[in-house]
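In our numbering, the protein residues as written are 357 to 1216. Every residue, glycine too, gets a C-beta built ideally from N, C-alpha and C. To start, the structure itself, in structure tokens.
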């Protein structure tokens, strides 16, 4: 080789060994990384751009954790986000390595996020990331690689597709975290040695890594709830008919007061300075042309309000802000920025904002956002250093729903769903009540470093339900936190936190996870979570008055070395020491001091008036108003549960299912909240329900304990006492077996019904059975029907069909004298009661004592 070529080779080798400075955050053209690359900020590979990383490259990413992140990024840590293409061309002898800069104690980085783009990854190691590789609706082809020492190795969301082969996923906290219905094919994986779980699959699909032994370390979390929420399930987006173009604006300043109506097109930045105002009339359409001068894929045209904006639409005539492009896309325009407008109150009411980078960006301003729809934006609402009321809005299908920093927020009755990140409150004085936070892919609600009151919210079907981090005071009470893929509530590094009266159920792992926190955990119903009801590493406070039952591994696990105070909780039918994991199981840990324990669960006041997803009730549930079960949901009521009703309250089951299946040892009780003599509760109504099953259940003091129409219903080994009516039903089929009806005004009423009533005790009611009309579908056989003060059976005046009531014991030699039927009224159908049984049938216990409901006053 000649000297010149040797010299060139030497210089090239030296250049490749010199660390490159960080590239710009947005790669504007095809880029090649080689040698050593140092990254100190987020990297975005936009559509149409390819990032190529050649063999032997070492990519060192600085750990940098902020309280927030720009809308186009998933994590507050530094990450590589791919919307275009990434090609990582490692080789077996010279792999590509992505890792945090410095040693392991330097922290973490965000990971490689495939956000609708394509990734081709060969012979690559990804380490020290929050998520090694995440695929959000993009495509991946990965082989011969290693994902090691990350929190999550490989995370898959809905819409992901591709192949992963010959890859080792090890020494992470979680190996594979598959949260969607994506089409990823796995082949010849080595998934082992991960600290918490090797493989976690949410949903119904099977994991097939190509090696059978790894299936044993796979966890399937199959919440039967439907976790795909669409706007049609909740409400309706705003629409307006096309309008003639009224005016076109370029980049200009509006002086004085300006009124917009009709259709406005904006081809620049429109600014409303201080002492000026913009009024937008109902029915106006404001459209923005896309202008992208820096090539990052995000439009720059928008509106800047420094004076005041009044955009007050109506339900019939909303105001629309959207892209003017023929094909509208996310980020076509910048957004509505309300900056330094604190002298007057800005109003955004009945508006719809879509296709923006930040739909509404509020800084140093006072704003009311009311009944708005914000969809298909990078971030729907961003609030900083402002006082804002956010009420009754629909925030869906954005990358980031809502983020606030250093703000005072009143957040009421909003729906935030189908976003990647839901709601993030940082350093915020927050009141959040009556919101629905549903089906957000990463986080439902995050509260960090602030004071908060979070009450009566529904947090359902998010990856992580509620995260409370580095907060110094907060009350989180009476929330419904269910079906979240990972953890219901996580509390980290916080002080004086009160988690009270929440319903926390069906989380993939922990109902509640606590790290380095002080506070109080009381009055919560924590049940049916995949692994632990409560898992904690360090907690200084008290856990009391909770129902903690039916969780997968442990009710409470103490992972730390200090003792935890947890008296007066209810542990279900298990001994507390058998469902708690602490010092008695591992000497290095602290104790959970659980004595004394509750023998009966404290009442949990039910929050939700409509149940539209599968739910389970355990312990004692207090129902203060009528609860409707709809949309194909199933309410499961566990053995031993007590359901206590306020006066006239009840359950209505429509096109859904209820299963209350107790056992002989653990009966289910349906009874009033109080012992007031006039305080009858409304009962359970099944109307065109899918199915109803009640077994080993006791009903007393209802106006009608069970009323059923056009429903397949089974009642087994149950007791009805002191009701106006025990049961009333039409159609069917209905089957009542092994049950007792006593001290009711009427035991059973049948109307045009198909029913089998067999092996029951029906006695000491005013009327045992009333057959109102068309009793020919009834079979009443092998029952004890006796000592009812009016009639054992009464046939209504409109019934013209005979009733089959043969082979029953009537407690008398003259059954006909206890039956009102066609002998007294010739036009009324007969009761065919012969042959009669000579002796009482021996089954059940006629005088079985019912458990008493403790008095409880409904909370104001």
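Span of the beta strand (DSSP E), counted from its first residue to its last, around residue i
i: residue 312; result: Missing from the structure shown is residue 312; the chain here goes from 357 to 1216 and no further.
i: residue 1028; result: 1024-1028
i: residue 1089; result: 1081-1093
i: residue 1065; result: 1060-1065
i: residue 1031; result: Premise fails: residue 1031 is in no beta strand (DSSP E) and is neither H nor E.
i: residue 1123; result: 1123-1129
i: residue 1261; result: Outside the modelled stretch of the chain, which goes from 357 to 1216, sits residue 1261, for which no answer is possible.
i: residue 909; result: Per DSSP, residue 909 belongs to no beta strand (DSSP E) and is neither H nor E.
i: residue 1286; result: Nothing can be reported for residue 1286: it is not among the residues displayed for the chain, which extend from 357 to 1216.
i: residue 495; result: 495-499
i: residue 721; result: That residue, residue 721, is in no beta strand (DSSP E); it is neither H nor E in DSSP.
i: residue 541; result: 539-543
i: residue 399; result: 399-401
i: residue 783; result: Premise fails: residue 783 is in no beta strand (DSSP E) and is neither H nor E.
i: residue 1110; result: 1102-1114
i: residue 483; result: 480-483
i: residue 997; result: Run containing residue 997: none; DSSP gives neither H nor E here.
i: residue 689; result: 689-695
i: residue 892; result: 888-892
Residue from the options with nearest C-alpha to residue i
i: residue 844; options: 1077, 817 and 857; result: 817
i: residue 972; options: 955, 523, 954 and 999; result: 999
i: residue 897; options: 913, 764, 872 and 770; result: 872
i: residue 776; options: 527, 644 and 753; result: 753
i: residue 1165; options: 1118, 1122, 1157 and 1134; result: 1118
i: residue 434; options: 418, 1063 and 442; result: 418
i: residue 552; options: 886, 992 and 1171; result: 886
i: residue 1059; options: 1094, 1017 and 1082; result: 1082
i: residue 830; options: 810, 913, 815 and 841; result: 810
i: residue 429; options: 612, 411, 756 and 695; result: 756
i: residue 414; options: 438, 808, 479 and 1150; result: 479
i: residue 722; options: 711, 713 and 703; result: 703
i: residue 625; options: 655, 652, 659 and 636; result: 659
i: residue 934; options: 925, 910 and 917; result: 910
i: residue 632; options: 1044, 992, 1124 and 614; result: 614
i: residue 787; options: 763, 484 and 730; result: 763
i: residue 1101; options: 1107, 1085 and 1077; result: 1077
i: residue 923; options: 943, 938 and 901; result: 901
i: residue 628; options: 617, 610 and 638; result: 610
i: residue 384; options: 439, 431 and 396; result: 439
Opening and closing residue of the alpha helix (DSSP H) in which residue i lies
i: residue 1183; result: Premise fails: residue 1183 is in no alpha helix (DSSP H) and is neither H nor E.
Residue i, buried or exposed, once every other Cβ within 10 Å from all chains shown has been counted against 16
i: residue 1145; result: exposed
i: residue 344; result: Residue 344 is absent from the model: the chain starts at 357 and stops at 1216.
i: residue 601; result: exposed
i: residue 1198; result: exposed
i: residue 361; result: With a pLDDT of 42 at residue 361, under the threshold of 50, the modelled position of that residue is not reliable, and the figure given next carries that caveat. Burial call: exposed.
i: residue 402; result: buried
i: residue 687; result: buried
i: residue 603; result: exposed
i: residue 447; result: exposed
i: residue 824; result: buried
i: residue 1195; result: exposed
i: residue 388; result: exposed
i: residue 471; result: buried
i: residue 965; result: exposed
Supposed close pair residue i, residue j - CB separation, criterion 8 Å
i: residue 1217; j: residue 758; result: Since the first residue of the chain shown is 357 and the last is 1216, residue 1217 is not available in this structure.
i: residue 953; j: residue 927; result: 6 Å
i: residue 914; j: residue 945; result: 5 Å
i: residue 1121; j: residue 1096; result: Their Cβ separation, rounded to whole angstroms, is 11 Å, which puts residue 1121 and residue 1096 out of contact at 8 Å.
i: residue 960; j: residue 932; result: No, residue 960 and residue 932 are not in contact; Cβ-Cβ is about 19 Å, not under 8 Å.
i: residue 678; j: residue 684; result: 6 Å
If we require 4 or more residues per run, which alpha helix (DSSP H) segments fall completely within the stretch 925-981?
932-935
Let me know the beta strand (DSSP E) ranges lying completely inside the stretch 813-859, each 3 residues or longer, listed in chain order.
814-816, 820-825, 829-833, 836-838 and 843-856
Which ranges would you report for the beta strand (DSSP E) in the stretch 649-680 if only whole runs of at least 3 residues count?
658-661, 664-668 and 675-679
Could you give the uninterrupted runs of the beta strand (DSSP E) lying entirely in the stretch 407-443, keeping only those of 3 residues or more?
414-417 and 435-438
Within the stretch 730-758, ranges of the alpha helix (DSSP H) (whole runs, at least 4 residues)
none
Can you give, in chain order, each stretch of the beta strand (DSSP E) that sits fully within the stretch 590-646 and has at least 3 residues?
601-605, 613-616, 619-622, 625-628, 633-636 and 641-644
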